[in-house]
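These notes are about the structure you will find just below.
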Amino acid sequence: MDAAFTEEQDEIRRTLRTLLRERCGPDEVKAAVHAAPGYDGALWRRLARTLGLPGLALPAAYGGVGCGVTELALACEETGRVLLPSPLLATAVFAAPLVAAVGTEAQRAELLPRIAEGALTAALAVPGRALSEALGLVGARDSAWAGGGRAGGVQARPDGDGGAGWRLYGQVEQVLGGHSAELLLVAARAGGYTRGRTLLFLVPAGADGVTPGADGLVRTRLTALDATRPQARIELRNVSAELLGVDGGGSGDGVAEALAAVGTVAAAVLAAEAVGAADAALARTVDYVRAREQFGRPIGSFQAVKHRLADVYVAVQAARSAAYYAAWAAAQGGAEGAGAALGGAKGTEAAVAGGLALAQALEAQRMAAAEAVQLHGGIGFTWEHEAHLYFKRAASDELLFGPVHRLRARAAEREGLFGTADRAPYGGHDGRAGNGGQSGHSGHDGRDGRDGPDRRDGRDGPRKAVTV
Numbered sequence: 010m011d012a013a014f015t016e017e018q019d020e021i022r023r024t025l026r027t028l029l030r031e032r033c034g035p036d037e038v039k040a041a042v043h044a045a046p047g048y049d050g051a052l053w054r055r056l057a058r059t060l061g062l063p064g065l066a067l068p069a070a071y072g073g074v075g076c077g078v079t080e081l082a083l084a085c086e087e088t089g090r091v092l093l094p095s096p097l098l099a100t101a102v103f104a105a106p107l108v109a110a111v112g113t114e115a116q117r118a119e120l121l122p123r124i125a126e127g128a129l130t131a132a133l134a135v136p137g138r139a140l141s142e143a144l145g146l147v148g149a150r151d152s153a154w155a156g157g158g159r160a161g162g163v164q165a166r167p168d169g170d171g172g173a174g175w176r177l178y179g180q181v182e183q184v185l186g187g188h189s190a191e192l193l194l195v196a197a198r199a200g201g202y203t204r205g206r207t208l209l210f211l212v213p214a215g216a217d218g219v220t221p222g223a224d225g226l227v228r229t230r231l232t233a234l235d236a237t238r239p240q241a242r243i244e245l246r247n248v249s250a251e252l253l254g255v256d257g258g259g260s261g262d263g264v265a266e267a268l269a270a271v272g273t274v275a276a277a278v279l280a281a282e283a284v285g286a287a288d289a290a291l292a293r294t295v296d297y298v299r300a301r302e303q304f305g306r307p308i309g310s311f312q313a314v315k316h317r318l319a320d321v322y323v324a325v326q327a328a329r330s331a332a333y334y335a336a337w338a339a340a341q342g343g344a345e346g347a348g349a350a351l352g353g354a355k356g357t358e359a360a361v362a363g364g365l366a367l368a369q370a371l372e373a374q375r376m377a378a379a380e381a382v383q384l385h386g387g388i389g390f391t392w393e394h395e396a397h398l399y400f401k402r403a404a405s406d407e408l409l410f411g412p413v414h415r416l417r418a419r420a421a422e423r424e425g426l427f428g429t430a431d432r433a434p435y436g437g438h439d440g441r442a443g444n445g446g447q448s449g450h451s452g453h454d455g456r457d458g459r460d461g462p463d464r465r466d467g468r469d470g471p472r473k474a475v476t477v
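10 is the number of the first residue of the sequence shown in this note's numbering; add one for each residue after it.
Have a look at this one:
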């Protein structure tokens, strides 16, 4: 791994940071989130046409810039630094790679150039509140999040006229950018329970409330903890939809694999974005403690304050290194550009690195935001100050893409660190005894269920060595 960035990558970071510093201060962010689409449309068009931001990781053949995961992660680190409200995450990180990986050539040729030039925004809608599970960040990829053919989720059935169209029924909560996206990618179950499979469908959603969307589609913007990540509820009432790609009539594993590949890239990008937000919160806090005086001296000169900020600095730098490595691993694993499915050892390494990097970045972001509020004192708790924006971003990200312990449990599961007997739902430990011991109070010798036949501490028998 070459840890040094190229001149082009440094230029992407520098240009984007300069533009966002001029156009996306705290006051501009607060104003943008109250706009109808939830972001500054003029700024988004400038980012798309001048810098090619939505098409940064798309192939040049489809109008993209032709860069990869690393460049996209660097760009999102800068957007995270200013908490930029934009459809970048929903469109370029979630939706566009799925179109590239699953869609037919005709669908790619129609949609990707429009996404690359910023003329089309899109959003991924997965049933329930299971975005992190659908992307394989936490939990098992068994498509249970899609309804499984039972009540709930989104159901799909072919049109009754014998054509190639489909009809969708159901409701989706917490769709990032779903209230203003012009195109929805909806994950739905087809075939009922016995022959059920998960498929992706394209639903035209209109443009900012001006152009009408599909009949039967109802979108409601929700009140979200983090207003810079607007969310919506999507109701599908006999909505006409187009299948993304081709239905092979199988189990739908191809869609699950594509979602997992997108999740690997998304984890690296989200980690970089969280690092940018954490670094900005730390920088603002350092500037404040240098200027704020107490007892005749800057509060930053007190040793307790220095130690707390030093801890945050170490956490942010460690998270940045992990995020950069995750982006590099995703690029090496073949997940860049069109979002091709990962496979083999490199794919596993990239998935593990992405999950661990995201977990570490979310922790650093939460730590930096909490210290920012605390060290700003009374002003840090007010709505007028920007510290609460970073705190809300940290809390919201962990709710949407975590929690941290499940991200790490999923990474450990991918690495095979736990046997089947030791794996509990959600990747945790269910209290089973090692080496065939009984759970609960039914251990061989002790009361806690961890005692083996020979030793009272339950540590008898061979142990798997784990090198960290």
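All C-beta atoms in this analysis are idealised placements derived from N, C-alpha and C, irrespective of residue type, glycine included. Keep in mind that this is a model prediction, so the values were computed, not measured.
Backbone secondary structure at residue i - three-state DSSP
| i | result |
| --- | --- |
| residue 129 | coil |
| residue 191 | coil |
| residue 176 | strand |
| residue 121 | helix |
| residue 107 | helix |
| residue 185 | strand |
| residue 63 | helix |
| residue 150 | Interpretation of residue 150 is limited by its pLDDT of 48, a score under 50 that renders its predicted location unreliable; the figure taken from the coordinates is listed afterwards. Three-state DSSP puts residue 150 in coil, outside helix and strand. |
| residue 224 | coil |
| residue 13 | coil |
| residue 324 | helix |
| residue 339 | helix |
| residue 45 | coil |
| residue 442 | Confidence is the limiting factor: at residue 442 the pLDDT is only 40, short of 50, which leaves the residue's position unreliable, though a coordinate-based value still follows. Note: residue 442 maps to coil in three-state DSSP. |
| residue 157 | Residue placement at residue 157 is flagged as unreliable, the pLDDT there being 47, under the threshold of 50; the coordinate-derived value follows with that caveat. Residue 157: coil per DSSP, three-state reduction. |
Residue i - containing alpha helix (DSSP H), residue span
| i | result |
| --- | --- |
| residue 27 | 16-32 |
| residue 50 | 50-60 |
| residue 88 | 78-90 |
| residue 68 | No alpha helix (DSSP H) contains residue 68, which DSSP labels as neither H nor E. |
| residue 35 | 35-41 |
| residue 406 | 396-410 |
| residue 393 | It is not in any alpha helix (DSSP H) - residue 393 carries neither H nor E in the DSSP assignment. |
| residue 426 | No alpha helix (DSSP H) contains residue 426, which DSSP labels as neither H nor E. |
Residues sharing a beta bridge with residue i, DSSP
| i | result |
| --- | --- |
| residue 312 | Per DSSP, none; premise fails for residue 312. |
| residue 198 | 164 and 207 |
| residue 96 | Partner(s): none; residue 96 has no beta bridge. |
| residue 212 | 193 |
| residue 134 | 195 |
7 Å CB neighbourhood of residue i in its chain, flanking five on each side removed
| i | result |
| --- | --- |
| residue 472 | With a pLDDT of 39 at residue 472, under the threshold of 50, the modelled position of this residue cannot be trusted; read the value that follows with caution. Closer than 7 Å at Cβ, skipping near neighbours: no residue. |
| residue 63 | 57, 97, 100, 101, 124, 125 and 127 |
| residue 138 | 182 and 183 |
| residue 122 | 71 and 72 |
Residues of its chain near residue i, where Cβ-Cβ distance is below 6 Å and the 5 sequence neighbours each way are ignored
| i | result |
| --- | --- |
| residue 251 | 211 |
| residue 382 | 389, 396 and 400 |
| residue 130 | 96, 100, 190 and 191 |
Unbroken beta strand (DSSP E) run spanning residue i, endpoints
| i | result |
| --- | --- |
| residue 166 | 163-167 |
| residue 144 | Unbroken run through residue 144: none, as it is neither H nor E. |
is_contact[residue i, chain B] using C-beta, thresh 8 Å
| i | result |
| --- | --- |
| residue 374 | The chain labelled as chain B is not found in the depicted structure, where only one protein chain is given. |
Beta-carbon contacts of residue i that lie in its chain and below 8 Å, excluding the five residues immediately before and after
| i | result |
| --- | --- |
| residue 18 | 79, 80 and 83 |
| residue 140 | 133, 183, 185, 409 and 410 |
| residue 302 | 308 |
Can you list, in chain order, the stretches of the alpha helix (DSSP H) that have 4 or more residues and sit fully within the segment 227-306?
As far as the segment 227-306 is concerned, its whole alpha helix (DSSP H) runs of at least 4 residues are 262-300.
Starting from the N-terminal side, write out each stretch of the alpha helix (DSSP H) that is 4 residues or longer and does not extend beyond the segment 350-388.
Fully enclosed alpha helix (DSSP H) runs of 4 or longer: 353-384.
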